[in-house]
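A.B. asks:
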Amino acid sequence: MKKTIGSIAVLLLSMSLFVVGCGQTTTSGGATAPAGEASAMTKDAGVFTFAASGEYQPFSYFKDGQLTGFDIEIGNEIAKRLNLQAKPVTSPFSGIIAGVKEGRYDAAIASHAITDERKQQVDFADPYYLSGGQLFTRPDGNISTLEGLKGKEVAVALGTTHEKMAREYTDNIKTYDSDVTALRALEQGKHDVVITDSVVGEIAIQQGLKIQKSGAALTEVQHGIAVRKGNTELLTKINEALKQIHEDGTYLKLSEKYFGRDISKKD
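Each residue of the sequence shown is one higher than the one before, starting from 659 at the first, in my numbering.
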């Protein structure tokens with residue numbers, strides 16, 4: 659009889675431990691945490707992996723085989739202030755937000771305009787620069803308004819707000835993986851007009867591309883760094899780092915290096 663009672667006690671104890679275990683997960687340090695608790699701030703311990711297109715000069719591009727640009731240097735500065743190793747990676751622009759959403763990247767530092775549609779998929783840090791959409795044509799072009807796009811062939815970068823804007827006026831649209839490629843195609847006689855960010859077009863002109871800005875600015879938008887929804891710890895730390903970068907003069911230095919002015923303010 660004593661043996662039977664003892665066996666029952668052991669069984670009950672085992673069952674209770676199993677139930678407790680089902681409600682907890684074990685951390686790498688051996689401690690327990692409630693099931694469903696948010697994962698680590700970054701996908702790899704000690705590393706800040708951020709994505710850019712690598713084809714959006716001067717924000718992200720390759721120079722002498724090295725990925726560089728304004729967005730890349732901003733990402734590197736954020737990593738430094740978070741005491742993390744910076745790991746910039748490239749992806750076609752149209753897939754970057756999905757990559758953040760799915761956890762393949764900790765953040766997107768890729769000149770994403772902050773839109774309600776994108777905010778349904780990711781969370782955005784405080785805006786880090788201001789710009790807007792702009793029409794660009796060849797020097798002999800005469801398209802200066804969105805209404806003028808009707809019947810014309812328009813080139814845009816795939817997955818951008820400019821693509822969405824163009825589709826409201828025409829179905830004759832050609833898409834590229836990068837805005838710079840679209841602008842080069844325009845110069846070569848392809849397409850009638852390109853819609854891209856005003857800053858990108860202006861830099862392309864400065865670098866010798868034979869195109870022109872046409873008409874007034876189409877939009878004025880804020881651009882932000884995107885993180886996975888619910889990753890409030892990383893979002894807070896990025897905002898703190900951005901504040902430091904502005905306060906210590908690093909932002910102005912980088913902005914003047916690439917654009918000759920402070921792009922966090924209206925031109």
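Backbone N, C-alpha and C fix where the C-beta goes; we use that ideal spot for every residue, glycine too.
Here the structure is a predicted model, which means the values were calculated and not measured.
Considering only the beta carbon of each residue, do Ser749 and Ala698 sit closer than 8 Å?
C.D. replies: no
A.B. asks: Just the C-alpha distance for Leu867 and Glu891, rounded to the nearest angstrom, thanks.
C.D. replies: 43 Å
A.B. asks: Opposite Thr726 in the DSSP bridges: which residues?
C.D. replies: Tyr719
A.B. asks: Evaluate Pro797 with the Cβ neighbour count: other Cβ atoms within 10 Å of its Cβ, from every protein chain shown; 16 or more gives buried, anything less gives exposed.
C.D. replies: Around the beta carbon of Pro797, fewer than 16 other beta carbons lie within 10 angstroms, which makes this residue exposed.
A.B. asks: Apart from the five residues just before and just after Asp835, which ones in its own chain have a Cβ nearer than 8 Å to its Cβ?
C.D. replies: Ser711, Glu713, Pro750, Phe751, Ser752, Ala815, Leu816
A.B. asks: Under the assumption that Phe782 contacts Leu740 (Cβ atoms under 8 Å), give the Cβ distance between them as a whole number of angstroms.
C.D. replies: Taking C-beta atoms under 8 Å as the contact rule, Phe782 and Leu740 fail to qualify, at a distance of about 17 Å.
A.B. asks: So, at 7 Å on beta carbons, what are the nonlocal neighbours of Ile730 in its own chain, with the 5 sequence-adjacent residues on each side left out?
C.D. replies: Within the same chain, Ile730 has close Cβ partners Ala710, Ser718, Pro746.
A.B. asks: Quick check on the burial criterion: 16 or more other C-beta atoms within 10 angstroms. Buried or exposed for Glu914?
C.D. replies: For Glu914, the number of other beta carbons within 10 angstroms of its own is below 16, and it is reported as exposed.
A.B. asks: Using the rule of at least 16 other Cβ atoms within 10 Å of the residue's Cβ for burial, across every protein chain shown, is Gln792 buried or exposed?
C.D. replies: buried
A.B. asks: Helix or strand or just coil, what does DSSP make of Ser856?
C.D. replies: helix
A.B. asks: Under the three-state reduction of DSSP, which class applies to Ala862: helix, strand or coil?
C.D. replies: Ala862 carries a helical assignment under DSSP once its states are collapsed to helix, strand and coil.
A.B. asks: Are the beta-carbon atoms of Val851 and Leu804 separated by less than 8 Å?
C.D. replies: No, the Cβ-Cβ distance between Val851 and Leu804 is not below 8 Å.
A.B. asks: Here's the rule: buried if 16 or more other CB atoms are within 10 angstroms of the residue's CB, otherwise exposed. What is Ala766?
C.D. replies: buried
A.B. asks: Any contact between the stretch 887 to 907 and the stretch 722 to 729? By contact I mean 3 or more CB pairs, one from each, below 8 Å.
C.D. replies: no
A.B. asks: Alpha carbon to alpha carbon, how far is Arg825 from Thr818? Give it in angstroms, no decimals.
C.D. replies: Looking at the two C-alpha atoms, the distance is approximately 11 Å.
A.B. asks: Return the CA-CA distance between Glu905 and Met823, expressed in angstroms with no decimal places.
C.D. replies: 35 Å
A.B. asks: Restricting to Cα atoms, I'd like to know which of Glu735, Arg842, Ala884, Gly873 is closest to Gly761.
C.D. replies: Ala884
A.B. asks: Do Thr828 and Ala840 come within 8 Å of each other at the CB atom, strictly closer than that value?
C.D. replies: no
A.B. asks: Count the other CB atoms within 10 Å of the CB of Leu912; is the residue buried (16 or more) or exposed (fewer)?
C.D. replies: Answer is buried; the Cβ neighbour count reaches 16.
A.B. asks: Let me make sure I understand the geometry here. Which of Ser769, His770, Gln779, Phe728 has the alpha-carbon closest to that of Ala756?
C.D. replies: Taking only the C-alpha atoms, the option nearest Ala756 is Gln779.
A.B. asks: Let me check understanding here. Comparing Cα to Cα, which of Lys777, Gly859, Gly888, Leu788 lies closest to Ser872?
C.D. replies: For Ser872, the closest C-alpha among the options Lys777, Gly859, Gly888, Leu788 is that of Gly859.
A.B. asks: Evaluate Lys650 with the Cβ neighbour count: other Cβ atoms within 10 Å of its Cβ, from every protein chain shown; 16 or more gives buried, anything less gives exposed.
C.D. replies: Nothing can be reported for residue 650: it is not among the residues displayed for the chain, which extend from 659 to 925.
A.B. asks: Would you say the beta carbon of Phe706 is closer than 7 Å to some non-hydrogen atom of the ligand PLP?
C.D. replies: The ligand content of the structure shown is nil, which means the ligand PLP is not present either.
A.B. asks: Tell me the residue span of the alpha helix (DSSP H) that contains Tyr763.
C.D. replies: Tyr763 -> no alpha helix (DSSP H), and no H or E assigned at all.
A.B. asks: Please specify which runs of the alpha helix (DSSP H), each continuous and at least 4 residues long, are wholly inside the stretch 826 to 903, giving them in chain order.
C.D. replies: 837 to 845, 856 to 864
A.B. asks: Using C-beta distances below 6 Å, list every residue in its chain close to Glu878, excluding the 5 sequence neighbours before and after it, in chain order.
C.D. replies: Gly790
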